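Inspection log for the structure reproduced underneath, given as C-alpha cells.
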Amino acid sequence: MGSPNAISPDILPMMRAIVFDMDGLLIDSEKVYWQVGHQMAREFGKELSDLTLGKMMGRSPLKSVEIYAQDLGLTQSPHELLEMREARVKQVFEKGVDPMPGMFEVLDRFKPRYSLAIATSAPMYLVDIILRVLDMRRYFTAIQTSDDVTNGKPDPEIYLKAMGRLGVPPADCVVLEDSSNGSLAGKRSGAYTIAVPSQYTRNQDFSFVDYVATNLLDAARHIAQKDKWEPI
Numbered sequence: 000m001g002s003p004n005a006i007s008p009d010i011l012p013m014m015r016a017i018v019f020d021m022d023g024l025l026i027d028s029e030k031v032y033w034q035v036g037h038q039m040a041r042e043f044g045k046e047l048s049d050l051t052l053g054k055m056m057g058r059s060p061l062k063s064v065e066i067y068a069q070d071l072g073l074t075q076s077p078h079e080l081l082e083m084r085e086a087r088v089k090q091v092f093e094k095g096v097d098p099m100p101g102m103f104e105v106l107d108r109f110k111p112r113y114s115l116a117i118a119t120s121a122p123m124y125l126v127d128i129i130l131r132v133l134d135m136r137r138y139f140t141a142i143q144t145s146d147d148v149t150n151g152k153p154d155p156e157i158y159l160k161a162m163g164r165l166g167v168p169p170a171d172c173v174v175l176e177d178s179s180n181g182s183l184a185g186k187r188s189g190a191y192t193i194a195v196p197s198q199y200t201r202n203q204d205f206s207f208v209d210y211v212a213t214n215l216l217d218a219a220r221h222i223a224q225k226d227k228w229e230p231i
C-alpha cells in the first residue's frame, strides 16, 4: 500500500535526491547470495528453492535467514546461520564484485544533479568492502545500512532514515530497487519508486511501483525525461 503522500506516477517534479538499493541493483551480488544459500543448504542435506530465496530478498539479514531456516527446517539458530552466510559472502566480495551494467555511467550523470544515498539491507562491514573494491564511496552523501534499522524492508524505515540523512523529504526523492520487498518499502516511504528487476526478481510483483525499468540506464532516462534534463 503506497503512502497517501506518494507522487502521482504521471508527474515527476524537480527531484532533489535519489536513493539506491545496492544488492542486485548497483552490484551483481544476488548471484553470490544465491550460490552461498544453495551451498549451505546442500551441506545441511537440504534443497533450497528459488521461491525461498525470493522471499528472502530485500529483507533484513536476520529476517532473511529466519525465512531460510524455517523453509528448510533447520535447527541451527538464525544468528549462527547468518554468521556462516556472511563469512562466505565476505570472502567472495573481498576478491571483487561486478557492477551492474550502466552503474558508473548512471552515477556519473546523477552526481552533479542530485544528492545520492544507498539504503541497503546489507551490514556496514560488507558495504565498506564493496565501496572500497569498486571505488564508489565518492558518489554518495549518505549510506544507510541495516545495522541501525529496527524494521527491515518492506517496512519504509530504512528509506526514511536514508532520506533523513540527506535532509530531503520523501516527496523530493526517487527510490530505485530491484526487489518487490524493497520497492514496497520505497513506495511506502512516499517516494517516487522505480523498479529495476534483475534476472532473480523479474517474476516478482511490481504492479504498485511508479515505473518498471529494463535496466539502470532505462531508469536514468526515465528520470531525466520526467525531470526535464538531457537524457542518457
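Note that numbering that gives the first Met the number 0 has the sequence shown beginning at 0, numbered continuously upward. Here a beta-carbon is modelled for each residue, glycine too, at the ideal position from N, C-alpha and C. Quantities reported herein were computed from a predicted structural model and do not represent experimental measurements.
| said: Using the Cβ count rule (16 or more neighbours within 10 Å means buried), how would you classify M56? | reply: Within the sequence shown, residue 56 is the residue found at index 57, counting from 1. It is buried - the Cβ of M56 has at least 16 other Cβ atoms within 10 Å.
| query | Excluding five sequence neighbours on each side, which residues of the same chain lie with their C-beta closer than 8 Å to the C-beta of N4? | reply | Here residue 4 is taken as the residue at index 5 of the sequence shown, counted from 1. Low confidence applies here, because N4 scores a pLDDT of 43, under 50, leaving its location unreliable; read the following figure in that light. Only P169, A170 and G189 meet the Cβ criterion.
| Residues bridged to Q143 [DSSP beta-bridge criterion] | Translated into positions along the sequence shown, residue 143 becomes position 144. In the DSSP output, where bridge partners are listed per residue, Q143 has A118.
| message | With H, G and I counted as helix, E and B as strand and the rest as coil, what does DSSP make of D154? | response | Taking the sequence shown and counting its residues from 1, the one referred to as residue 154 is at position 155. Coil, per DSSP.
| Along the chain, where does the alpha helix (DSSP H) that runs through V173 open and close? | For this step, residue 173 is matched to residue 174 along the sequence shown. Element bounds for V173: not the alpha helix (DSSP H) but the beta strand (DSSP E), C172 to E176.
| task | Indicate whether D177 and S145 have their beta-carbon atoms separated by less than 8 Å. | result | Position 178 of the sequence shown, counted from the start, is the residue given in the question as residue 177. Position 146 of the sequence shown, counted from the start, is the residue given in the question as residue 145. No, Cβ-Cβ distance for D177 and S145 is not below 8 Å.
| Simplified DSSP state of Y210, which is helix, strand or coil | Locating residue 210 in the sequence shown gives position 211, where the first residue counts as 1. Looking at Y210 - three-state DSSP - the assignment turns out to be strand.
| field | Where the alpha helix (DSSP H) containing T51 begins and where it ends | value | The count along the sequence shown starts at 1 and reaches residue 51 at position 52. It spans D49 to M55 - the alpha helix (DSSP H) in which T51 sits, taken as one unbroken run.
| Using DSSP with H/G/I as helix, E/B as strand and the rest coil, what is A194? | As a first step, residue 194 must be located in the sequence shown, where it is residue number 195. Here A194 sits in strand by DSSP.
| So, is M13 buried or exposed, given that buried needs 16 or more other C-beta atoms within 10 angstroms? | Residue numbering aside, residue 13 sits at position 14 when the sequence shown is read from its first letter. Under this definition M13 is an exposed residue.
| field | Between the CA atoms of T51 and P60 - distance to the nearest angstrom | value | Within the sequence shown, residue 60 is the residue found at index 61, counting from 1. Within the sequence shown, residue 51 is the residue found at index 52, counting from 1. Between P60 and T51, the C-alpha separation is close to 14 Å.
| Can you name, in chain order, every residue of its own chain whose Cβ lies under 6 Å from the Cβ of M0, other than the five neighbours on each side? | Here residue 0 corresponds to residue number 1 of the sequence shown, with the count starting at 1. With a pLDDT of only 40 at M0, under the threshold of 50, the placement of this residue in the model should not be trusted; the figure read from the coordinates follows. Cβ neighbours of M0 beyond the five flanking positions: none.
| Should P155 go down as buried or exposed, given a rule of 16 or more other Cβ atoms within 10 Å for buried? | Counting from 1 along the sequence shown, the entry for residue 155 is found at position 156. So P155 ends up on the buried side.
| Environment of G166 [buried if 16+ CB atoms lie within 10 Å] | Taking the first residue of the sequence shown as position 1, residue 166 is located at position 167. The residue in question, G166, is exposed, as its Cβ has fewer than 16 Cβ neighbours within 10 Å.
| task | Rounded to whole angstroms, what's the CA-CA distance from V195 to D209? Just pull it up for me. | result | Within the sequence shown, residue 195 is the residue found at index 196, counting from 1. Within the sequence shown, residue 209 is the residue found at index 210, counting from 1. If you take the alpha carbons of V195 and D209, they lie about 11 Å apart.
| What separation, rounded to the nearest whole angstrom, lies between the Cα atoms of R187 and G151? | Counted from its first residue, the sequence shown places residue 187 at position 188. Counted from its first residue, the sequence shown places residue 151 at position 152. Rounded to whole angstroms, R187 to G151 spans 13 Å at the Cα level.
| task | Would you identify the three-state DSSP class for D107, choosing helix, strand or coil? | result | Here the question's residue 107 lines up with position 108 in the sequence shown. The answer is helix: DSSP assigns D107 an H, G or I state.
| field | Per-residue burial, Q38 [other beta carbons within 10 Å of its own, 16 or more giving buried] | value | Taking the sequence shown and counting its residues from 1, one reaches residue 38 at position 39. Exposed.
| If you compare alpha carbons, which of L106, V126 and E65 is closest to D22? | Stepping through the sequence shown from its first residue, residue 22 is reached at position 23. Nearest option by C-alpha distance: V126.
| field | Same chain only: Cβ atoms within 8 Å of M162, ignoring 5 sequence neighbours per side | value | Here residue 162 is taken as the residue at index 163 of the sequence shown, counted from 1. A16, V18, A116, P168, P169, C172, S188 and A190, listed in sequence order.
| Distance between Y113 and K140 (C-alpha atoms, nearest Å) | Indexing the sequence shown from 1 puts residue 140 at position 141. Indexing the sequence shown from 1 puts residue 113 at position 114. The question names Lys, but residue 140 is Thr in the sequence shown. Each residue's Cα considered, the two are about 10 Å apart.
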